Structure formats: structure tokens, C-alpha cells
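Colleague:
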Amino acid sequence: MSHTFHIPVLGLGFSIDTPLKVARYGISSVMSIVDDELIERMREHHSLQNGQAFTPLKKTDADYRAKRITAYLNLIKKLVDEQFEVLRKQPFEAGSDLCRYFDLLPETSQLKQGYDLMMEYPDGIQKKIFQTILRNNITKGSIDVNIMAKVDKMNFNADGNYTGDENTDALAALRGFAQSDLQSSVILSAGMNPKLYSYLENFADFYPDNNGQLKKKIILKVSDFRSAFIQAKFLAKKGLWISEFRIESGLNCGGHAFATEGYLLGPILDEFKTRRAEMLDELYTLYDSALVQKGIFTSKPPAQKISVQGGIGTAEENNFLKQYYNVDATGWGSPFLLVPEATNVDDETLSKLTGATESDYYLSNSSPMGILFNNFKPSSSEQLRLARIHNNRPGSPCTKKFLCSNTEFTAQPICTASREYQNLKIKQLEELHLPETEHKALFDTITEKICLCEGLCSSAYIKYNIAKPKENTAVAICPGPNLAYFKKTFSLDEMVGHIYGKLDILKNAARPHMFIKELELYMNYLQKDIQHSMATLTDKKSKQMFKFKEQLLNGINYYKTIFSEIQLLPDNARAQLQAFEDMLLKQPLFNF
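Counting the sequence shown from 1 gives a position; our numbering is that position plus 4.
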């Protein structure tokens, strides 16, 4: 890796072509391959922009979803390869992309140090030899893809017949990646899907070649050690290796949020650090045995990395995570929404983001998936949702149907954000004749859902001016709460420089340490859970909340210890820890 950070997947459209913008500089990024319609339109756009032939793949074509994904990934690879070769051949002159490649690197990079030394050489044969060595050692950023394992809708043909397990959304997306020319990774997120995980066995690129190399790698995005180990063992028993565990904060992140049972990021990272070797040994034993049964032989475990993402905001935090927890890389997601060079955020949404305050970012139940979702109050999709309710037309027209999972009223699944579902659910609610306060609370719960299939794509369509006539262009966006402290747009050079400590774009920002912020988010989460549950509190729920509270207290004690050991934080952070501990131990609300 040229860089020690990556840009994680950002919604659907926000990072759908980020590799075209950053991969030539050695920066790895992740594209979602959930939405084949978005992918097909982006393939058309970039084909035409780059003078490439474009033949549409229609929904009537056999295996169209996988083929669309394969075609787009192959196009992105081709264009990135061409960009990189142009960059490699450029002169070492100020303002060239080649010099920019090296200028973006961290000062700790041997390539960067070699480049700085070369630039001091006098012109001559030695300098040219040095330049050739540098050119031969630069590498492209990885063009990685993300599949949310639980977004795996069953599909039916025009006659209403099920098209088969291999044509569910997640499996078709995986097939599209597996059949592409990419040599990169698939990031599996949002929990374990045994059917999808087993389907990986069908593709040779996930197994080592004669040199022990993997053409395509598997990365698991996880929020705790236990679930990571369980999923990795499931795959290792099939001869499938996890090349990276991508640890994400349960709540201090963008997109969908998966709250742990009170386990905080610091203790989770510590467990990965202390049990890393143990896990590697056990996984390799299972992996090697499975490969032998398949007639594949290895001499040592493939590389296995650990990275972390979610709420990182300063170079100090970035360096601490790498040095104290020995992580191989970090992920910087939401801040790149403010880098127009790297992501697709329309001007109106950019303006709202740069002017936003902490209260504009909130954890919601807006997602039709039934998973907590980081939402942004000023977004145009949220304004549209409220306007529809005001006009007695709650819900959205459901055109893409990627998140259809509810069969409460229909034989085939429909989406809980759809107008169809919300109308049916509201009629059911009205028949209950509940008191006004209770009725409103349930009504708000029904109508909180928003259409993510369209909303998370709209910004890309607006930015490239490829929205169709009368197409809904309301933008849904899901930044993490960390974005509240970034107050303007930035160049790629500024953001990368900030990550590596070359400059500070958050100077004088009143921003808590990422661990403190995550703890605050978990405290708020537990408080709301208690308030919501008190009226109907069961013994099981009480035990669950008590365990959650105990884990938070354990996390606070852990942070007190490491902050004291390494003098990581100023005194006010320690005071914040003590205040949170006092709340948990002394406030009546938490003594259930």
C-alpha cells in the first residue's frame, strides 16, 4: 500500500466512481455494488465521457444484474489503468500528477523519502536512474467493492416465478465482482449471510494460485471480535481466507449503525490486538485443512490485516490507532464527502453540510432495513418526507425495490418506506382507535422510513447532470456525527495532508476525542432505550440493559487506564469520563 488509509464505501452514489478520482494516486476506495441501475447509468456516462463504446445491458437480458456489475468494474479498471500509465510517464515537474502522487504520501513512506532525496539530486544519469526506480515502485490504489450481506432480495420474473437462489441481489452482485477483471477485495458488511458466504466457494479467484496469491480477497467489516471470529471460521472451513478485518465503531460511523451491547471501540481494538496471533493460527489450521481437501496446498498463512474506521478526525487519533493497537490502516469516510474531487455530493447538499451543527446529525430509524441509520436533518429527502406527510401522501413510490422485505400485508415483499406499505399500515393503526399521543407516536414510527434506493443515488445524478425527466432528485445522505466539526469543502491534498498531520484543517474546533464521542453516543443510545422500555420492561430486557451498562463502565475504566498510561488526552477528557461514570452509577434513570 502506498497509503495507510482508505476511503470506505459512502452510500450508493457518493463513492460509486471514487477510484476514477483517487486510485491513480495510490489511494484505495470502496464502491457499493448494490444498485445495478445506478451502475449501468454510471457506465454509460463514463463510457461516453472517455470515448468508450457503450452497449446497454437490459433487464430482459439473462443474468443482467451480474453482467452490468462486471461490465462497470471492468470499465473502471480499464480507465484507472490508463490514468496510471499516463501518470507514470509524466516528467518529475511541479504540477504534474506524478509529483502530486509523491507529495500526497505520508512522510514515513520510503517512496516519499526517496522522492524527496531524488529531487535534491543534480540533473544527470544518477537522477534519471533514481526516477526510473521510483516510477517502477508506485502502485495504484485498490478498486474495492462493498456488498451489504443482508441486502439480498429474492427476485421474480414477469410471471411471478422465483428466479432461484443464485439470482438474489447479493449473490448476483458477488457473481458480478467475481467474474470481473479486478484484482481487489470485496468488503462484506451488515452481518453474516451463510448463503452468500457459501456462494464464494464457487469462484476460483478467491483461492490461492500456484504462488499462493489471491486474485480476489475477502474483507469483513465487523464491530466486535467474537462475531468477526465466528464469521472468519465459517469461511475458513470452506477454504476461504479473510484478508482483512475492517473494524468499525458501532455508532460513531456513517451509514447504517450496528450498536454493540455496550462494547466500546477501544476495548474491541485491544482484544483484536491481544488475540490476533491466536486467531490467525486457528483460522489457518481450518483454512489449510479445507484447501487440502480441495487439492490446494499452501506453505504459510496469507497476509491478514486489521484496520479501523468510524469517527477518526485528527492525525493524532490516526497515529495513535496505528501505533497503540498495531492496526495496519485506517478508514476515513464521512470527511471525504466534503472533498468534491473524490466524491459525488451535489452543491446544495455540500452547502448544507458545511453549515451544519452537531444537532443536524442524528441516529434514526429511517432505514427500511430496520437497522439504525445515521441521518442528516437538512437533507432534501428528509424535507420531502415531511412535505409528503403534510400533504397526506406519506411514503415513497417504490421503483427500484432493493429493500423490499415486508410481507405483513402482501404475498411478495414490499418496502416499509413505500407509499403502499405506509398506507396499509396507517389504515391498520386507525382501526385501533388509540389515544392521540399513542397514535401519533406510532404514526411517526411508520412514516419515519425514507427511500434510500433513490435518495442515496440522486446526488451523483445531479452532479453529472444525468437525472431523467421527472425523476425524484431528493438527496438522502448519511454522514457520521464526526462530520459536524468539518466546516468547509477541501481539496484532496488538504484532506490527505490533514490525515498525515501535514496540516490541521480542524484547528481550534471544539471536538471531543473519538473515544469520548463514541461513549457519548452509546450513553445517549442506552438512555433512549431505557426510556422507551420502562413502561413494558421485562426481566430479559432489564438484564440486557444491565449488561450494556456494565460494558460501558468497563470501557470507561479501560479508557482511564490507557489515558493515564500514555498521557493521551487533556484533563477535560478525563473529567468527561468521570462524568459519564457518575451518570451511570448515580442517576436514577440508570438504576433499573
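Using N, Cα and C, we set each Cβ at its ideal position, and we do this for glycine too. None of these values were measured; they are calculated from a predicted model.
Starting from the Cα of K71, find the closest Cα among S193, G180 and N171 and give me that residue.
Modeller: Comparing Cα positions, the closest option is G180.
Colleague: So what's S368 in DSSP terms, helix, strand or just coil?
Modeller: Three-state result, S368: strand.
Colleague: Measure from the C-beta of Q531 to each C-beta in chain B and report whether the shortest distance is under 9 Å.
Modeller: Looking for chain B here will not work: only one protein chain is present.
Colleague: Who are the Cβ neighbours of N576 in its own chain at under 7 Å, not counting the five residues just before and after it?
Modeller: Cβ neighbours of N576 beyond the five flanking positions: none.
Colleague: The ligand ZN heavy atoms versus the CB of A240: any closer than 8 Å?
Modeller: In the structure on display, the ligand ZN does not appear, and there are no ligands present to speak of.
Colleague: Does the Cβ-Cβ distance between T278 and I272 come in under 9 Å?
Modeller: Contact: no.
Colleague: In chain order, what residues of the same chain have a beta carbon less than 6 Å from the beta carbon of F452, not counting five sequence neighbours either side?
Modeller: A small correction: the amino acid at residue 452 is Glu; Phe does not occupy that position in the sequence shown. Around E452: N369 and S370.
Colleague: Can you tell me which of S495, S463 and H517 puts its alpha carbon nearest to the alpha carbon of L507?
Modeller: Comparing Cα positions, the closest option is S495.
Colleague: Rounded to the nearest angstrom, what separates N595 and F550 at their Cα positions?
Modeller: Approximately 9 Å between the Cα atoms of the pair.
Colleague: Between which two residues does the alpha helix (DSSP H) carrying A514 extend?
Modeller: A514 -> no alpha helix (DSSP H), and no H or E assigned at all.
Colleague: Assign L357 to buried or exposed, taking buried as 16 or more other Cβ atoms, counted over all protein chains shown, within 10 Å of its Cβ.
Modeller: Per the 10 Å Cβ criterion, buried.
Colleague: What does the alpha-carbon distance come out to for the pair Q548 and Q535?
Modeller: Rounded to the nearest angstrom, the two C-alpha atoms are 14 Å apart.
Colleague: Which residues does DSSP list as the beta-bridge partners of L678?
Modeller: Residue 678 lies beyond the residue range present for the chain, which begins at 5 and ends at 596; the question has no answer from this structure.
Colleague: Taking the alpha-carbon positions, what's the L354 to P439 distance?
Modeller: In a straight line, the C-alpha of L354 is about 42 Å away from that of P439.
Colleague: When DSSP labels each residue in this structure, what does V479 get in the three-state scheme?
Modeller: If DSSP states are grouped into helix, strand and coil, V479 belongs with coil.
Colleague: What does the alpha-carbon distance come out to for the pair D67 and A208?
Modeller: If you take the alpha carbons of D67 and A208, they lie about 20 Å apart.
Colleague: Can you tell me which of Y29, V34 and G30 puts its alpha carbon nearest to the alpha carbon of D21?
Modeller: Ranking the options by Cα distance to D21, first place goes to V34.
Colleague: Take the Cβ of T167 as the centre, count every other Cβ of all protein chains shown within 10 Å, and call the residue buried at 16 or more, exposed below.
Modeller: Exposed is the call here.
Colleague: What number of angstroms, rounded off, separates the C-alpha of K237 from the C-alpha of L290?
Modeller: Roughly 7 Å separates the two Cα atoms.
Colleague: Which residue wins for smallest C-alpha separation from A346, given the options N165, E569, G505 and E498?
Modeller: Cα-wise, what sits closest to A346 is E498.
Colleague: Examine the Cβ distances between the stretch 155–166 and the stretch 131–139 and report whether three or more of them are shorter than 8 Å.
Modeller: Taking 8 Å as the limit for Cβ pairs, the verdict is that the stretch 131–139 does not touch the stretch 155–166.
Colleague: Taking all protein chains shown into account, do 16 or more other C-beta atoms lie within 10 angstroms of the C-beta of Y125, making it buried, or fewer, making it exposed?
Modeller: Counting Cβ neighbours within 10 Å, Y125 comes out exposed, since fewer than 16 surround it.
Colleague: Could you please give me the residues that DSSP links to K309 through a beta bridge?
Modeller: DSSP output for K309 lists E248 as bridge partner(s).
Colleague: Do you know how far the Cα of I222 is from the Cα of D213?
Modeller: C-alpha separation (whole angstroms): 15 Å.
Colleague: Does the beta-carbon of V331 have 16 or more other beta-carbons within 10 angstroms, so that it is buried, or is it exposed?
Modeller: V331 should be labelled buried.
Colleague: Give the DSSP bridge partners of G335, in chain order.
Modeller: Note: G335 sits in a beta bridge opposite H10 and Q313.
Colleague: Does the beta-carbon of P339 have 16 or more other beta-carbons within 10 angstroms, so that it is buried, or is it exposed?
Modeller: It counts as buried.
Colleague: For the alpha helix (DSSP H) that contains S51, what are its first and last residues?
Modeller: Segment D40 to Q53, the alpha helix (DSSP H) holding S51.
Colleague: So the candidates are G118, E252 and V155; which of them puts its Cα closest to the Cα of M373?
Modeller: Per the Cα distances, V155.
Colleague: Compare the Cα-Cα distances from K220 to each of G258, K63 and E248 and report the closest residue.
Modeller: Ranking G258, K63 and E248 by Cα distance to K220 puts E248 first.
Colleague: If we ignore side chains and look at the alpha-carbon of each, how far apart do S400 and G505 end up?
Modeller: Answer to the nearest angstrom: the Cα atoms are 44 Å apart.
Colleague: From the DSSP output, in three-state form, read off V296 for me.
Modeller: Looking at V296 - three-state DSSP - the assignment turns out to be helix.
Colleague: Going by DSSP in three states, M152 sits in which element: helix, strand or coil?
Modeller: Residue state, collapsed to three classes: strand.
Colleague: Assuming L525 contacts L556 (C-beta within less than 8 Å), just tell me the rounded distance between them.
Modeller: Not confirmed; about 11 Å, so no contact.
Colleague: Please return the same chain residues whose Cβ sits closer than 7 Å to the Cβ of F552, not counting the five positions on each side in sequence.
Modeller: Contacts found: E265, G266 and L530.
Colleague: Could you say if the stretch 76–87 and the stretch 191–209 meet the contact criterion of at least three C-beta pairs nearer than 8 Å?
Modeller: Result no; under three Cβ-Cβ pairs closer than 8 Å.
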